[in-house]
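What follows is a single structure, written as structure tokens, with notes after it.
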Amino acid sequence: MKISAYLYGLLCCSVWFISCQKNIDPVLPENGNLIKINYYNSSDVLSKYTIGGLGIFVDTLANRASVRLPFFDLSASPPKLEYPIVNNTIKSIVYMNYGSGSHRFRTHYMVPDTTIAGAVFGVLPDTLLVDTTFILKSSTNTLMYLADKPGVKNQQRLGFTLIAVPVAQPLPEDSNTVQLCIVNTSPDAGPLLCKRVKPDGSFTIENLPQQLQYGQYTDYIKLSPKEASNGLIGLRIYNSNSGTELVNTAVPANAGHAYIISVRGFAMERNFTIPLSVNNDKKTLLYGIKTISANLRADMRQVR
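Numbering of the sequence shown is given in our numbering, commencing with residue 330 and proceeding in unit increments.
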């Protein structure tokens, strides 16, 4: 009996050893057909909100949740501008994974649940802000900009939109090129004309947009670090119709890297109606007027 038990144990060990030597092919989620999305709050109006939050529901109806979905707590100070994020000291962009293909994005303003003591962030869907669909190809990274929408009259509640901007493909390590994408997220700047500043101080419009409408973005423009002054490639951005200079900006002349510049903010001072607090009935919101000064500017993010 002892010999039989010994042989049985030896057999089990042999089977275990053989199984450990077997190559097991890894299985990737969605068969490897993944997309990556980073959500970015580019709205100046939402920066005036002090209660509630934004929930982005992907391929699902709005529900009472804020942990398991892209969520921006508008009561946070300082406000969190992107999702997901590890912490404010890490500058690299973090993404959420989805399967490639068509996805429906519903963005809801969410209010505090007054039935829960101390609930200061948004957990109850209140107002649908954006309902849109994008078809996203596999193996792509996308920055999803939540932007203020044009065409809203003074002292009205502003609308919003999502703008999906692809991230540039990596360049070879020995590349001597800077990649730049320009996106127009300003609701009142109008169509944009861009010029590059040459080292001698003159301007060129070569390969730059001349009529970049709201919500549009350029292909990735390849720039040479040799065209830089003091390590920067200077850019001037104008209103295409009037020729008025709107933004004076620049990108680092770091070869092999890629940047996105979004022209955002308001060219003129505006007043908007926004939620201020929850009414005593604990169901409806109290609205008031907030002013946003003219603050048109360039917002740059390094994506490679």
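Ideal Cβ placement from N, Cα and C applies to all residues, glycine included.
Sequence-distant residues of its chain with Cβ nearer than 8 Å to residue i (five each side left out)
| i | result |
| --- | --- |
| R599 | N483, D517, T620, I621 |
| N367 | E411, Y412, P413, I422, V423, Y424, M425, N470, T471, L472, M473 |
| E535 | R525 |
| S606 | I380, L614, L615 |
| V459 | F434, R435, T436, L475, F489, T490, L491 |
| D388 | H432, R433 |
| S553 | N505, T506, V507 |
Close-in-space but distant-in-sequence residues of the same chain around residue i (CB under 6 Å, 5 per side omitted)
| i | result |
| --- | --- |
| R630 | I589 |
| D628 | S591, R593 |
| I353 | Confidence in I353 is poor, its pLDDT being 43 and thus under 50, which makes the residue's placement too unreliable to answer from. |
| N505 | A584 |
| T547 | C510, I511, P538 |
Close-in-space but distant-in-sequence residues of the same chain around residue i (CB under 7 Å, 5 per side omitted)
| i | result |
| --- | --- |
| E574 | R565, Y567 |
| F386 | L398, R435, H437 |
| N362 | G428, S429, S467 |
| K527 | T533, E556 |
| K409 | F401, D402 |
| R626 | V576, R593, G594 |
| P479 | P516, D517, Y543 |
| H586 | V507, Q631, R633 |
| L415 | Looking at the sequence provided, one finds Val at residue 415 rather than Leu. These residues qualify, in order along the chain: V423. |
| V481 | L487, G488 |
| K420 | none |
Rounded Cβ spacing between residue i and residue j (contact assumed at less than 8 Å)
| i | j | result |
| --- | --- | --- |
| D373 | D477 | 6 Å |
| F595 | N577 | Incorrect: roughly 17 Å between the Cβ atoms, too far for contact. |
| G544 | T490 | 7 Å |
| V580 | V632 | Going by Cβ atoms, the distance from V580 to V632 rounds to 12 Å, so no, they are not a contact pair. |
| F601 | R486 | 7 Å |
| A391 | P454 | 4 Å |
Residue i vs residue j beta-carbon contact at 8 Å
| i | j | result |
| --- | --- | --- |
| I550 | A582 | no |
| I603 | K377 | yes |
| N559 | P520 | no |
| S429 | T462 | no |
| Q539 | L522 | yes |
| G384 | M439 | yes |
| I292 | L465 | A query on residue 292 cannot be resolved here, the shown segment of the chain reaching from 330 to 633 and no further. |
| T514 | S371 | yes |
Heavy atom of the ligand MN within 7 Å of residue i beta-carbon
| i | result |
| --- | --- |
| F401 | Questions concerning the ligand MN fall outside what the structure shown contains, since it holds no ligand whatsoever. |
*Could you pull out every unbroken beta strand (DSSP E) segment of at least 3 residues lying fully inside the stretch 370 to 408, listed in chain order?*
You should have 382 to 387, 400 to 402.
_Any 3 or more C-beta pairs closer than 8 Å across the stretch 495 to 508 and the stretch 454 to 473_ = In this structure the stretch 495 to 508 touches the stretch 454 to 473; the number of beta carbon pairs closer than 8 Å is three or more.
_In chain order, each beta strand (DSSP E) run of at least 3 residues that lies wholly inside the stretch 443 to 517_ = Counting only runs of 3 or more, we get 453 to 465, 469 to 477, 489 to 495, 507 to 513.
*asked:* Going residue by residue through the stretch 539 to 578, where are the continuous beta strand (DSSP E) segments of at least 3 residues, counting only ones entirely within it?
replied: Assignment of beta strand (DSSP E) within the stretch 539 to 578, counting only whole runs of 3 or more residues, yields 550 to 552, 561 to 568 in chain order.
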